[in-house]
Amino acid sequence: MFESDFERNLFALRQDKLRQIEALGQSAYPNSFAATHSIPEVRAVYDDATAERLEGDRSNVTVAGRIMAIRLQGKAGFAQLQQNGVRLQIYVRKDAVGEQAFELYKLLDLGDHIGVSGYLFRTRTGELTIHVETITFLTKAMLALPEKYHGLGDVELRYRQRYADLFMNGVLNEGTPAEIHVRDVFIKRAKVLAALRKFFDSRGFVEVETPMMQPIAGGAAARPFTTHHNALDIDLFLRIAPELYLKRLVVGGIDRVYEINRNFRNEGISTQHNPEFTMLEFYQAYTNYWDLMDLTEECIKFVAQEVNGTTIAQFHGKEIDLGKWERLSMREAIIKWWWDEAGPGPTVQTFANSSSFLSWLDSVIGPVRPEHKAFLFHAALLAPQDQLRRGGSLGKAIADVFEAVAEPHLIQPTIIYDFPLAVSPLSKQKPDEPEWVERFEFYIGGFELGNAFSELNDPEEQRKRFEQQIAQRLRGDDEAHQMDEDYVRALAYGLPPTGGEGIGVDRLTMILTGASSIRDVILFPLLRPRKTTTTEGEQSSRE
RNA sequence: GAGCUCGUAGCUCAGCUGGUAGAGCAUCGCCCUUUUAAGGCGCUGGUCCUGGGUUCGAAUCCCAGCGAGCUCACCA
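Listed below in structure tokens is the structure:
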């Protein structure tokens, strides 16, 4: 618990102060406090009140808060109390509160919680302030607060000790870096969740919770975490997606269903990836992916309005309009965003078959050397080229080329539709192009936010796709699907034509709050546990 | 998993090309009854991330490790 002897000594000092506070007749850890207002309420009601009005009316208030600034001046003093991210100044004079209460005031430290009663007035500089008449001690801060002006800046400490981050950086002071307004971010995140529920509830969707511990981790291409149930003596997987369970529910007759909850994927960590992340998935019977495109645009617009009151978002210094959407097929996107200086781009015919796609790739990559300015751009195309030469699937290669060529450009809201069958084991084929499926993903800010498709509902075809996935698994792809017999059985009872979609809630929150890292929208992001050299005393107190 | 950058007091940071560690806030003591990054005086507080190496001498240079941030890879 202690970072140093400094903290150990401070803790002891504060224990001593607590005893002195008790000697003044106050409880060290009282159980409750009855306030008449919250601090935000006081500010909302009286921020506009003039000094004259406050003097005439004598507005008495009782509030509680954490001391974030304290200034003693002999026989009087000022302090600022903070509650719910809002601050209010108090003024304590010895002749107003009495000898004992003033002794108590002198024993207060930054970070302590107190309650005060008094009347409102304005100081010489015009600041709304409580002229305190009684002080109630509530809780002592036994540790020193981080630097009061700059706040808590160390990113690692902010993530590891989010509690300190929240109370230190919950209020925007002048001089505080603009990206640090943590409290606001998480208030907005709560609004995002509320808005999503409002949107789907109002359209007749039923919110459900499906298993997060699953005997077969399906519904996405990812490596799962493994856990174990002792009584049943079975291994279970933390889910990588709720998809297969939600579709079972549609089979069961819940035509419109959604779930907002965590998924777990045993993969790397980055500014866009946390091993556990929050996903919204929803399914609607009797719709296809075209309908979902409309619904997606409406949903994102609605959430932006609810959360920010506007569809304009600022992200990475760019203005994004969540009300304006573009739709491109994957093939169109590659053609549109092809970098001309990298050589002649593809045409519609280029995507027709493996040989035409490979010969185009060869023609573009062939002449490029390391000193060529398009070298890095081409380097990203080497993997798909190599796959194709080894007889790999055309679809996978096209999807890879899309990611390299187009994805970074998709800053403004863009729907990319029609994906290769080879990378979409759960989607329905396009009736006129069986090598392509009715699937789209949408991108904002340069990364993927959602993935949707017309759900494959033919049990025989689904069994085949699972078998293909198993074959891939045997070839070493440990992200390929496993066979889920019960899911195939569910489909055999009849899944109506259904559209389904997943939206990354953390990433959506990033866009709406301007956060550049997913860790800034997750309260406790996964970090490597810190190795501490603990003393024996601490060890035992921890256990 | 790879590359780049960073790690100095509880916090925010300074410490040039190696000469043995500083400031502000916080803490502690004193003064101060409208201050507001309050102010004034004084005192504390450091295995300079860890371990090696080079050197007469390392916070500083080199190597390894640990932790973090960013970029890339994998994915949503």
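Per our numbering, residue 408 is the first one in the first sequence, and the count goes up by one each step. Just so it is clear, CB atoms sit at the ideal spot from N, CA and C, and this is done for glycine as well.
Item	Value
Assuming the contact rule is C-beta atoms closer than 8 Å, VAL664 and VAL615 should be a hit. Round their C-beta distance to whole Å, please.	6 Å
Spatial neighbours of ASP927 within its chain, please: CB distance less than 7 Å, with the 5 preceding and 5 following residues excluded, ordered by chain position.	VAL592
Leaving out the 5 sequence neighbours to the left and right, which residues in its chain are closer than 7 Å to LEU431 when beta-carbon positions are compared?	GLN507, GLU510, LEU511
Report the option in GLU848, PHE544, PRO841, ARG415 whose CA atom is closest to the CA atom of GLU814.	GLU848
Using 10 angstroms around the beta-carbon of LYS871, count the other beta-carbons present and answer buried if the total reaches 16, otherwise exposed.	exposed
Which of helix, strand or coil does DSSP assign to VAL928?	coil
Please report the straight-line C-alpha distance between PRO932 and THR678, rounded to a whole angstrom.	11 Å
Do you know offhand how far THR757's Cα is from GLU867's?	32 Å
Taking C-alpha atoms, which residue in LEU479, ALA471, LYS482, THR634 lies nearest to GLN490?	ALA471
Mark GLU892 as exposed unless 16 or more other C-beta atoms lie within 10 angstroms of its C-beta, in which case mark it buried.	exposed
Thinking ASN681 and ILE925 are a contact (beta carbons under 8 Å), I'd like their distance in whole angstroms, please.	5 Å
Checking 8 Å against the spacing of the C-beta atoms, do GLU908 and ALA859 come in under that value?	yes
If you draw a straight line from the C-alpha of ARG415 to the C-alpha of ALA551, how long is it?	11 Å
At the level of alpha carbons, what is the spacing between LEU488 and HIS520?	8 Å
Could you tell me which whole beta strand (DSSP E) segments of length 3 or greater appear in the stretch 513-540?	520-529
Could you work out which residue in HIS888, LEU915, GLY921 is closest to ALA602 when comparing CA atoms only?	LEU915
Taking Cβ positions, are ILE667 and LEU729 nearer each other than 8 Å?	no
Comparing alpha-carbon positions, which option in ASP423, ALA711, ASP807 lies nearest LEU919?	ALA711
What's the gap between the Cα of ARG569 and the Cα of ALA435?	25 Å
Would you call the CB atoms of ARG465 and TYR526 closer than 8 Å?	yes
May I have the straight-line CA-CA distance separating ALA548 from ALA483, to the nearest angstrom?	22 Å
Of all the options LYS501, ILE497, LEU515, ASP455, which has the alpha carbon lying nearest to the alpha carbon of ASP423?	LEU515
Which ranges does the beta strand (DSSP E) cover as unbroken runs of at least 3 residues, wholly within the stretch 721-809, from first to last along the chain?	725-728, 733-736
Could you tell me which of GLU448, PHE873, ILE851, ARG882 sits nearest to ILE910, measuring between CA atoms?	ILE851
In three-state DSSP terms, what is GLY907?	strand
For ILE647, does the three-state DSSP call read helix, strand or coil?	coil
Classify ALA628 as helix, strand or coil using the three-state DSSP reduction.	coil
Counting C-beta neighbours from all protein chains within 10 Å, is the total for TRP746 16 or more, i.e. buried, or is it exposed?	exposed
Taking the Cβ atom as the reference point for each residue, do GLY802 and LEU828 lie within a distance shorter than 8 Å?	yes
Measuring only the C-alpha atoms, how far is ILE862 from ALA899?	According to the sequence displayed, residue 862 carries Glu and not Ile. Each residue's alpha carbon lies about 14 Å from the other.
Pull the bridge partners of LYS837 from the DSSP assignment, please.	GLU840
Nearest to ASP807 by CA position, among GLN819, ILE818, PHE784, ILE822, is which residue?	PHE784
Does the Cβ of ILE741 lie closer than 7 Å to at least one heavy atom of the ligand NAP?	As for the ligand NAP, it is missing from this structure, which has no ligand bound.
Take HIS635 and list the residues in its own chain whose beta-carbon comes closer than 8 Å to its own, dropping the five residues that flank it on each side.	ILE641, ASP642, LEU643
Please report the straight-line C-alpha distance between PRO584 and GLY724, rounded to a whole angstrom.	In this prediction, PRO584 has a pLDDT of 43, which is less than 50 and means its spatial position is unreliable; what the coordinates show is noted afterwards. For PRO584 and GLY724, the distance between alpha carbons rounds to 15 Å.
Which residues share a DSSP beta bridge with LEU417?	None, per the DSSP bridge assignment.
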